[in-house]
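Undergrad: Residue numbers (this note's numbering), protein chains in the order written: chain A, 1 to 115; chain B, 1001 to 1114. No residue lacks a Cβ here, since even glycine has one placed at the ideal position from N, Cα and C. Please read these numbers as outputs of a predicted model, since none were measured by experiment. For reference, the structure I am asking about is given below.
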């Protein structure tokens, strides 16, 4: 049974710091991995999606990497800003074909960036 | 209007009530999902519809009944709920088939069962 773990559960950093959020999963048979951001009381916003054949994806100050064989992904945030404060979740899409729909989520890392 | 829209945003209902949650997507997607988010627990997949056909039913109690009349609309019918069903219910959509298709979420319905 696929399990997704995110460490740390909470993180508080001063503005301007570069930081790394971690996501690990137990079954390497995944179709893709997605990182999301969730603001309080809101839905999830997709940040980056990495296909199982890819090693990393970048968008602005965000960079996500995937090491499928070791069951790990990291989300790197450069030059953090107070507006980055949110909960960050990762999710793996199970299976190895496009015909699967099951995304398994971690419990998230709650990030606070201090001004 | 674009994206995924959920109504109502908040719902309070008694255990004997019947209510429905609505989700609408304007992204041209053909797969839609219901997730439950409870405090300190990972998002739990409830149901998935692909091309209006239910393809996942994740051992959800029968007091939750989904309906997908077309690829743009998804409903979750609720009846005789329990207090532990209080949670944020999130709808999402994606495109089926090969290729990159991220999940897109609505803002959720905050449900309180009294």
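(1) Excluding the 5 residues preceding and the 5 following residue 1065 of chain B in the sequence, name in chain order all residues of the same chain whose CB lies nearer than 7 angstroms to its CB.
(2) Could you round the C-beta distance between residue 1026 of chain B and residue 1003 of chain B to whole angstroms and report it? I think they count as a contact, below 8 angstroms.
(3) Work out the CA separation of residue 93 of chain A and residue 103 of chain A for me, nearest whole Å.
(4) Under 8 angstroms, with one C-beta from each stretch per pair, do the segment 14-30 of chain A and the segment 1057-1076 of chain B reach the 3-pair mark?
(5) My output table needs one value for residue 39 of chain A: the three-state DSSP class, helix, strand or coil.
(6) For residue 25 of chain A, would you say it is in contact with chain B, using Cβ-to-Cβ distances shorter than 7 angstroms as the test?
(7) When DSSP builds the beta bridges, which residues end up paired with residue 1032 of chain B?
(8) Beta strand (DSSP E) containing residue 1009 of chain B: first to last residue?
(9) Can you list, in chain order, the residues of the segment 40-71 of chain A whose Cβ is nearer than 8 angstroms to any Cβ on chain B?
(10) At which residues does the beta strand (DSSP E) containing residue 1077 of chain B begin and terminate?
(11) The segment 7-37 of chain A: which residues have C-beta closer than 7 angstroms to a C-beta of chain B, in chain order?
(12) Which residues in the same chain as residue 36 of chain A place their Cβ atom closer than 8 angstroms to its Cβ, once the five residues preceding and following it in sequence are excluded?
(13) My output table needs one value for residue 1069 of chain B: the three-state DSSP class, helix, strand or coil.
TA: Well, looking at it:
(1) 1077
(2) 6 angstroms
(3) 4 angstroms
(4) no
(5) coil
(6) no
(7) B:1049 and B:1093
(8) Element bounds for residue 1009 of chain B: n/a, residue is neither H nor E.
(9) 41, 42, 43, 44, 45, 46, 49 and 51
(10) 1073-1079
(11) 34
(12) 44, 45, 46, 47, 88, 89, 90 and 91
(13) strand
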